[in-house]
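Q: Here the sequence shown stands for residues -25 to -1, 1 to 330, numbered as in mature numbering (1 follows the signal peptide of the UniProt record, and there is no 0).
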Amino acid sequence: MFENSKLKSLVAAAALAASAVAVQAETIDATIVAGHPPVFRWVKHASQTFIPAVNKALEGTDYTIKWDEQYGGSLAKVGDELEATEEGLAQVGLVSSVFDPAKLSLQNVSYYTPFVSSDPALVANTVDSLHSTNANMKATWEENGLEYLGGPTAIDDYLLMTTFPINSIDDLKGKKIGAPGPAVNWLAGTGAVGVSGNLTTYYNEIKTGVYDGVIVFATAALPGKLYEVAPYVTKVGFGAQYAGAMAANKDWYDEQPEAVQKALKAGGEAFKAAYLADLGAAVEAGLKAMSEQGATITEVDDEFRQKWAAGMDNVAQTWAKQVDGEGKAGTEILKAYMDAIRAAGGKPVRDWDQE
């Protein structure tokens, strides 16, 4: 009789303990936003890599996250992800710094230094590392109410896709070329008319004659089917770019327990590793696939590339001085970025910081 009562007491105690754990467990609602649709690699990895990695990191803790995924303009258009996350419409955003050059000026350093490196992993890791070594980089996110989570969106070497063949720089004179944000500056000195645009509109704007071509990268040109309307692909070697990263609403992030904060950062690291591995394998495959679909792919020689770079104003110095004037560390970040690229073995066509 005594043993039976003791057993019942143990069972009851276990039930109470289990109940206490259940009470302590907390489900956190979080919306993640991206202006681009999941057909693009960075959005795909937000869903397939970042979220599972965060969930995995939370296993064994008292917290889980219930995700609401809002992509393709359903909550915010391309370039509006920062504001949507800052305002709390989303808790996590794939923020495209390339489309917020005023608010995330320092993060755009690679876009003001073309012809530096065609290696997306080198560029992405360099800018990502600057967030750890230079307080100004992290502060830029915080000024916009955001917490930097990592997960840099690396862009493979930019090229030209046009409705006409390019045999010399003179062929660009008078042509309307779409480009993302600050990349419009790369057309200075060519005689082309640069127009700011983005991937979600390129196809129709080329098809309807608004653009004669675009500055774009192979791994987005393929899913965007740009080869159908701009079949001439010219590998100019503008360089790989850092175009944005994962960020969380700062107030929301600061309210989260340490376990959740660590999980979000772990998700950013997992995103970076998987994304870069995927990107590396996809670049040549993308060019090959476009060629098989009828695109004509050519690559300019070093003389062409050097002539283009030399003919440009020093957009990097202009940018750095402008950012300095805003009270931010433009010149400092320009030098730190270029030094890091060179130290890692990069061979810039033009040393923008040393002129």
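In this text, a Cβ means the ideal position worked out from N, Cα and C, and glycines have one as well.
1) Assign Asn173 to buried or exposed, taking buried as 16 or more other Cβ atoms, counted over all protein chains shown, within 10 Å of its Cβ.
2) Is the Cβ-Cβ distance between Gly199 and Val53 less than 9 Å?
3) Using only the alpha-carbon positions, how far apart do Ser72 and Val275 sit?
4) Does the count of Cβ pairs from the region 161 to 175 and the region 227 to 246 closer than 8 Å reach three?
5) Pop quiz: Phe192 and Leu251 are said to be a contact at Cβ under 8 Å. What is the actual Cβ separation, rounded to whole angstroms?
6) Which two residues bound the contiguous beta strand (DSSP E) that contains Asp43?
7) In this structure, how does DSSP classify Thr165 when only helix, strand and coil are distinguished?
8) Excluding the five sequence neighbours on either side, which residues of its own chain have a C-beta within less than 7 Å of the C-beta of Ala318, listed in chain order?
9) For the alpha helix (DSSP H) that Tyr312 lies in, which residues bound it at each end?
10) Where Ala215 and Asp253 are concerned, what is the direct C-alpha to C-alpha distance, given to the nearest angstrom?
11) Could you check how far apart the C-beta atoms of Pro127 and Pro76 are, in whole angstroms? I think they sit under 8 Å.
12) Which whole-angstrom value describes the C-beta separation of Tyr312 and Thr108, a residue pair presumed to lie in contact below a C-beta threshold of 8 Å?
13) DSSP three-state call for Ala5: helix, strand or coil?
14) Checking the sheet assignment: what are the DSSP bridge partners for Leu69?
15) Which of the three DSSP states, helix, strand or coil, is assigned to Ser107?
16) Return helix, strand or coil for Met265, following the three-state DSSP convention.
17) Let me check one thing: in DSSP terms, what residues is Glu61 bridge-paired to?
18) Express the C-alpha separation of Thr88 and Trp327 in angstroms, rounding to a whole number.
19) Could you tell me the alpha carbon to alpha carbon distance between residue 406 and Ala248, rounded to whole angstroms?
20) Could you give the DSSP three-state label for Gly126: helix, strand or coil?
21) Look up Thr183 in the DSSP assignment and say whether it is helix, strand or coil.
22) For the beta strand (DSSP E) containing Ala285, name the first residue and the last one.
23) Given that a residue counts as buried once 16 or more other Cβ atoms are within 10 Å of its Cβ, and exposed if not, what is Lys263?
24) Nearest-angstrom Cα distance between Ala241 and Ala285?
25) Ala163 and Gly261 - do their beta-carbons sit closer together than 9 Å?
26) Which of the three DSSP states, helix, strand or coil, is assigned to Ala252?
27) Taking only runs of the beta strand (DSSP E) that begin and end inside the region 188 to 240, which ones reach a length of at least 3 residues, in chain order?
28) Would you grab the beta carbon distance between Ile308 and Leu81 for me? Rounded to a whole angstrom, and I think it's under 8 Å.
29) Based on Cα-Cα distance, which residue from Val84, Gly125, Thr306, Tyr186 lies nearest to Ala245?
30) State buried or exposed for Val(-3), treating a residue as buried only when at least 16 other CB atoms are found within 10 Å of its CB.
A: Reading from the atomic positions:
1) Locating residue 173 in the sequence shown gives position 198, counting from the first residue. Buried, by the Cβ-count rule.
2) Here residue 199 refers to the residue found at position 224 of the sequence shown. Here residue 53 refers to the residue found at position 78 of the sequence shown. Against a cut-off of 9 Å, the Cβ pair of Val53 and Gly199 comes out as no contact.
3) Along the sequence shown, one-based indexing puts residue 72 at 97. Along the sequence shown, one-based indexing puts residue 275 at 300. Near 29 Å, if we compare the C-alpha coordinates of Val275 and Ser72.
4) no
5) The residue given as residue 192 occupies position 217 in the sequence shown. The residue given as residue 251 occupies position 276 in the sequence shown. Contact doesn't hold; Cβ gap of about 14 Å is too wide.
6) As a working note, residue 43 is residue 68 in the sequence shown. 38 to 45 is the extent of the beta strand (DSSP E) around Asp43.
7) Indexing the sequence shown from 1 puts residue 165 at position 190. For Thr165, the three-state secondary structure derived from DSSP is coil.
8) Within the sequence shown, the letter at position 343 stands for residue 318. Same-chain partners within the cutoff: there are none.
9) Within the sequence shown, numbered from 1, the residue matching residue 312 stands at position 337. It spans 305 to 318 - the alpha helix (DSSP H) in which Tyr312 sits, taken as one unbroken run.
10) By one-based count along the sequence shown, residue 215 stands at place 240. By one-based count along the sequence shown, residue 253 stands at place 278. Taking the straight line from one Cα to the other gives about 15 Å.
11) Position 152 of the sequence shown holds residue 127. Position 101 of the sequence shown holds residue 76. For Pro127 against Pro76, the beta-carbon gap comes to about 16 Å, at or over 8 Å, which does not count as contact.
12) Walking along the sequence shown from the start, residue 312 turns up at place 337. Walking along the sequence shown from the start, residue 108 turns up at place 133. Their Cβ separation, rounded to whole angstroms, is 11 Å, which puts Tyr312 and Thr108 out of contact at 8 Å.
13) As a position in the sequence shown, residue 5 is number 30, starting the count at 1. Looking at Ala5 - three-state DSSP - the assignment turns out to be strand.
14) Counted from its first residue, the sequence shown places residue 69 at position 94. According to DSSP, which records beta bridges pairwise, Leu69 is partnered with Met221.
15) Along the sequence shown, read from residue 1 onward, the residue named residue 107 stands at position 132. Here Ser107 sits in helix by DSSP.
16) Position 290 of the sequence shown, counted from the first residue, corresponds to residue 265. Helix at Met265.
17) Sequence index remark: in the sequence shown, residue 61 carries index 86 (1-based). Paired residues: none, contrary to the question.
18) Working through the sequence shown from its first residue, we reach residue 327 at position 352. Working through the sequence shown from its first residue, we reach residue 88 at position 113. Each residue's Cα considered, the two are about 7 Å apart.
19) Residue numbering for the chain in the displayed model covers -25 to 330; residue 406 lies beyond these limits and cannot be assessed.
20) By 1-based counting over the sequence shown, the position of residue 126 is 151. Residue state, collapsed to three classes: coil.
21) Taking the sequence shown and counting its residues from 1, one reaches residue 183 at position 208. Looking at Thr183 - three-state DSSP - the assignment turns out to be coil, as it is neither helix nor strand.
22) Here residue 285 refers to the residue found at position 310 when the sequence shown is read from its first residue. Here Ala285 belongs to no beta strand (DSSP E); instead the alpha helix (DSSP H) covers 277 to 286.
23) By 1-based counting over the sequence shown, the position of residue 263 is 288. Per the 10 Å Cβ criterion, exposed.
24) Taking the first residue of the sequence shown as position 1, residue 241 is located at position 266. Taking the first residue of the sequence shown as position 1, residue 285 is located at position 310. Near 42 Å, if we compare the C-alpha coordinates of Ala285 and Ala241.
25) Your numbering for residue 261 matches position 286 in the sequence shown. Your numbering for residue 163 matches position 188 in the sequence shown. No, they are not a contact pair.
26) Here residue 252 refers to the residue found at position 277 of the sequence shown. Looking at Ala252 - three-state DSSP - the assignment turns out to be helix.
27) 188 to 192, 207 to 217, 220 to 224
28) In the sequence shown, counting from the first residue as 1, residue 308 sits at position 333. In the sequence shown, counting from the first residue as 1, residue 81 sits at position 106. Going by Cβ atoms, the distance from Ile308 to Leu81 rounds to 5 Å, so yes, they are a contact pair.
29) Reading the sequence shown from its first residue, position 270 is the one you call residue 245. For Ala245, the nearest C-alpha among the options comes from Gly125.
30) Here residue -3 corresponds to residue number 23 of the sequence shown, with the count starting at 1. Residue confidence is low: Val(-3) scores 48 on pLDDT, short of 50, so the model does not pin down where it sits. Its coordinate-derived value is still stated next. Its Cβ having fewer than 16 others within 10 Å, Val(-3) is exposed.
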